[in-house]
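Okay, structure first, notes after.
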Amino acid sequence: MKRAAISITTAALAVTLAGCAGKSKHVATTQPVPPVATASAAPMPAGARPGMKIPTRLSDGSYLTPNRNLSAAASVWHLRAALNVAALACRGPAQAGIVSRYNSLLTQQKSSFAGAQTALAAEYRAAGGNWETREDDAMTRLYNYFSQDFARDAFCARAAQVLEHSEGMAPAAFTAGAGEQLAALDRPFVEFFRAYDAWRSGEAARPVIAVASRTATIAPVPVPVAPRRAEPPHLKVNMLALQDRIVTGG
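Mapped onto our numbering, the consecutive letters of the sequence shown carry residue numbers 1191 to 1440.
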């Protein structure tokens, strides 16, 4: 009887072992960490440098440039200032045409410019105080604004288009369209500011990237740095010297 019990126990153990042998073993494995998908950051625009100052961005997405919220007279005079800078600063194949058309414009629109200058001076005078100094300072800032070289190529191309468009235009039509033409000349600068803001925003919020491996590691993202450009020269504008001044190429 005892031998029978031992035989039964041995048989049961054999069945149990056979059942265990039939089951597959599950071994825990470590899966590679997938790479983190990130949108490509906006590049730093040509001519920019880290930390440069640009006009304030407003709630509507526009920028506080010197060419916002102008009267009709101010639009005409600011347009003249922009084209004057183009005639003095633009180089290359378009230079001769810009200078020639600008000088012709001074003759064709002499009454328009004279009227705008008088009306704009009256606006400053009406505000009281040392209005002449304030006007001179505002014009100095305006000339320095259009003299910034980071938008030079696009600005000069637009200036050539504006001068060609304005050629032979009646004074009334020229004055009426001054605001639109001024906006076209301001656009290359605004587009630069928008591109710089996009780069600056991406730089501030730039995420790190996880490398696919068993052990996640952090890889720093290289930041492109444009070579530092010299600051544009700051001009001091003499308002008396602007009236009917012909520009010579060179």
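In this text, a Cβ means the ideal position worked out from N, Cα and C, and glycines have one as well.
Rounded C-alpha distance that separates residue i from residue j
i     : j     : result
R1419 : G1392 : Reliability fails at R1419, whose pLDDT of 46 lies under 50, so the model's placement of it is uncertain and no value is given.
P1240 : D1376 : 23 Å
A1366 : S1290 : 23 Å
D1387 : P1245 : 10 Å
N1441 : G1369 : Here the chain has residues from 1191 to 1440 only, and residue 1441 is not among them.
A1409 : R1390 : Residue placement at A1409 is flagged as unreliable, the pLDDT there being 46, under the threshold of 50; the coordinate-derived value follows with that caveat. C-alpha separation (whole angstroms): 20 Å.
S1302 : Y1253 : 28 Å
G1305 : W1267 : 9 Å
Y1314 : A1231 : 45 Å
Q1371 : L1332 : 16 Å
K1300 : G1319 : 29 Å
C1280 : G1287 : 10 Å
S1261 : W1321 : 17 Å
N1282 : V1352 : One point to set straight first is that residue 1282 is Gly, not Asn, in the sequence displayed. Rounded to whole angstroms, G1282 to V1352 spans 17 Å at the Cα level.
K1243 : A1385 : 13 Å
A1311 : R1247 : 29 Å
For residue j and residue i, believed in contact at Cβ under 8 Å, the rounded distance
i     : j     : result
M1359 : A1271 : Contact doesn't hold; Cβ gap of about 18 Å is too wide.
G1237 : D1339 : 7 Å
A1341 : F1379 : 5 Å
A1344 : A1309 : So it is not a contact: roughly 30 Å between Cβ atoms.
L1295 : A1349 : In fact, because the Cβ distance is near 11 Å, the residues do not count as touching under 8 Å.
F1382 : P1235 : 6 Å
Residue i versus the options, residue with shortest Cα-Cα distance
i     : options                    : result
C1259 : P1233, A1373, M1242        : According to the sequence provided, residue 1259 is Asn. The question's Cys does not apply to it. Nearest C-alpha to N1259: A1373.
L1269 : E1381, F1382, R1390, S1356 : S1356
P1256 : S1337, T1297, M1242        : S1337
N1334 : A1362, V1275, E1322        : V1275
A1363 : R1315, Q1298, A1312, G1287 : Q1298
E1354 : Q1285, A1317, F1383, N1320 : Q1285
S1265 : Q1307, L1248, S1249, A1317 : Q1307
Run of the alpha helix (DSSP H) containing residue i, from where it starts to where it stops
i     : result
L1254 : Where L1254 is concerned, there is no enclosing alpha helix (DSSP H), given that its DSSP letter is neither H nor E.
S1290 : 1285-1298
Q1351 : 1342-1356
M1329 : 1321-1336
P1245 : Where P1245 is concerned, there is no enclosing alpha helix (DSSP H), given that its DSSP letter is neither H nor E.
P1361 : 1361-1366
A1276 : 1262-1279
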